[in-house]
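In the numbering used here, the protein residues as written are 481 to 888.
Think of the CB as a built atom: it goes at the ideal place given N, C-alpha and C, for glycine as much as any other residue.
All figures in this text were calculated on a predicted structure; none of them were measured in a lab.
Right, one structure below, let's go through it.
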Amino acid sequence: MDTAKDITVVSGEKPFNYSRPLLSYYLGGRIAEEKLPFVGTDFYEKHGVDLILGKRAVDLNVSKKQVFLDDSTSLSYDRCLLSVGGVPVVPPIEGLEDTVEGVFGFLTVKEAKGLVDYIDRNEIKEAVVLGGGLIGLKVVEGLIERGLKPTVIEIADRILANTFDKDASALLEERLAQEGCTVIKEDTIQGIDTRQGRLTTILLRNGNKLLPSSLLIMAVGVRPNLELVKGTPVKADRGILVDRFMRTSVEDVYAAGDCAQGIDVLHKTQEVIAIWPVAARQGRVAGLNMCGIPREYAGFFAMNSVQICDIPTISFGVTDPPEERGYEVLRSLNKDTGSYKKIVLKDGRVVGVILIRSIERAGVYGMLIREGIGVEGFKDQLLRDDFGLLVLPKQFRKHLVGEVGLEV
């Protein structure tokens, strides 16, 4: 870090930093609140970073190089990084208001602490989670560990629909059922009823089915936060558009993380890939370039690594391709062990992977996607339990075998 220059960090939240992926473990009681931060406050003091917490940036004037906060103060900048993340997606639900007691999001420490307090204070035994994606299922895991019986409502035909196929989702659904979790698919919430301002009943869209419940967690997903760039020359599409140096369309303004639309190396397009590894890589590249040290972001591809109810899973790239577009799919399902492997090929190269339980060679598969290595010569070995770098042609092994995190 360059400590010779002034660095100011502004956050609308009061906690100075924390790992959002750990919130579900806090919910489940695995870790205490003090274990959520990445680093201590002395990190910022040591590096001369000025922290402004609990104040939100509400306006950006790129011509005057100023950021305005919600307390009417302003900050001048030489270079500005927008790492404003995502905002929750909240579908229209009849009767849903901010003042309804018993309805929670799960994106911040404040929401997680409020949820834990509500469960303990009201001795909640059951809960409804809207959304069967990554956030929703990690909430479900935390609720199960806390002794609750959750019900998941998912509008798609399976949980984790964006990253898994039906076979992979079915394995997790079976495991969730063993823990007392109910999964309702191809449905969503139409409305809610309350009594004295507190949630009492949830009305589903299909068949007007009623679910008695005093706790609802909204976990539909997030979208890039574009509020700060609205009305400015900073160009945005689904996210804030950035180049390989994480620069936006405006000089000295950079963006990184869940709000940024960067390079997807698999599809050769610009996409928002809202995962922690991408945010970390983009943030580092942006920081170096802002300090005058040229670095390029090499791009990334969609991936998820998540453990649900002690089942480790990893998915990369294109995991559920359309059959008519020239993809080839290799599968291996062991119902006795509950392990599943799926390799998706196109033009002789790996473009997608799903691994359930057997994740030991995930790094090798990820490398095959990233490097675009042709696999026709060893395609029949891709699903073997002992598949690894030693199977690859010698010209690739020499410079790849030392890569951190790869299983030989």
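Same chain only: Cβ atoms within 8 Å of residue i, ignoring 5 sequence neighbours per side
i      : result
Glu493 : Leu533, Gly534, Thr588, Val589, Lys590
Asn769 : Phe725, Met726, Arg727, Tyr734, Arg775
Classification of residue i by the beta-carbon crowding that lies within 10 angstroms, buried from 16 upward
i      : result
Glu808 : exposed
Thr488 : exposed
Ala754 : buried
Val884 : Since pLDDT at Val884 reaches only 42, below the 50 mark, its modelled position is unreliable, and the value read off the structure follows with that caveat. Classification of Val884: exposed, given that the 10 Å Cβ count is below 16.
Lys618 : buried
Glu666 : exposed
Gly779 : buried
Glu634 : buried
Glu731 : exposed
Glu621 : buried
Unbroken beta strand (DSSP E) run spanning residue i, endpoints
i      : result
Lys646 : Careful: Lys646 lies outside any beta strand (DSSP E), inside the alpha helix (DSSP H) at 646-658.
Glu808 : 808-814
Gly566 : 566-568
Ile794 : 791-797
Val538 : 537-541
Ala740 : 740-744
Inter-residue CB distance, residue i and residue j (contact presumed, cutoff 8 Å)
i      : j      : result
Gly612 : Val632 : 5 Å
Leu679 : Glu581 : 7 Å
Ala870 : Ile823 : The amino acid at residue 870 is misidentified as Ala; the sequence shows Leu. Actually they are not in contact, since the Cβ atoms of Leu870 and Ile823 sit about 18 Å apart, beyond 8 Å.
Ile794 : Leu835 : 5 Å
Leu540 : Thr749 : Contact doesn't hold; Cβ gap of about 26 Å is too wide.
Lys798 : Gly832 : It is worth fixing the name first, because residue 798 is Val in this sequence and not Lys. At roughly 4 Å, the Cβ-Cβ gap stays under 8 Å, so Val798 and Gly832 are in contact.
Whole-angstrom distance between residue j and residue i, CA atom to CA atom
i      : j      : result
Val890 : Asp550 : Here the chain comprises residues numbered 481 to 888, so residue 890 is not present and cannot be evaluated.
Ser838 : Leu706 : 39 Å
Asn814 : Gln676 : 51 Å
Lys715 : Ser729 : 6 Å
Thr579 : Ala699 : 18 Å
Leu690 : Leu610 : 14 Å
Leu467 : Glu653 : Residue 467 lies beyond the residue range present for the chain, which begins at 481 and ends at 888; the question has no answer from this structure.
Val569 : Val702 : 5 Å
Cys771 : Pro801 : 41 Å
Cys789 : Gln658 : 10 Å
Residues of its chain near residue i, where Cβ-Cβ distance is below 7 Å and the 5 sequence neighbours each way are ignored
i      : result
Tyr506 : Glu513, Leu516, Ala592
Val519 : Asn497
Extent of the continuous alpha helix (DSSP H) run through residue i
i      : result
Ser499 : From DSSP, Ser499 is part of no alpha helix (DSSP H); its letter is neither H nor E.
Near the ligand GTP: residue i beta-carbon under 7 Å from a heavy atom
i      : result
Gly742 : In the structure shown, the ligand GTP is absent, as is every other ligand, since no ligand is present at all.
Cutoff 6 Å; reference residue i; Cβ partners in own chain excluding five residues on either side
i      : result
Lys629 : Glu606, Gly660
Ser563 : Ala736, Gly737
His681 : At residue 681 the sequence reads Thr, which differs from the His that was named. Answer for Thr681: Asp673, Leu690, Pro692, listed in chain order.
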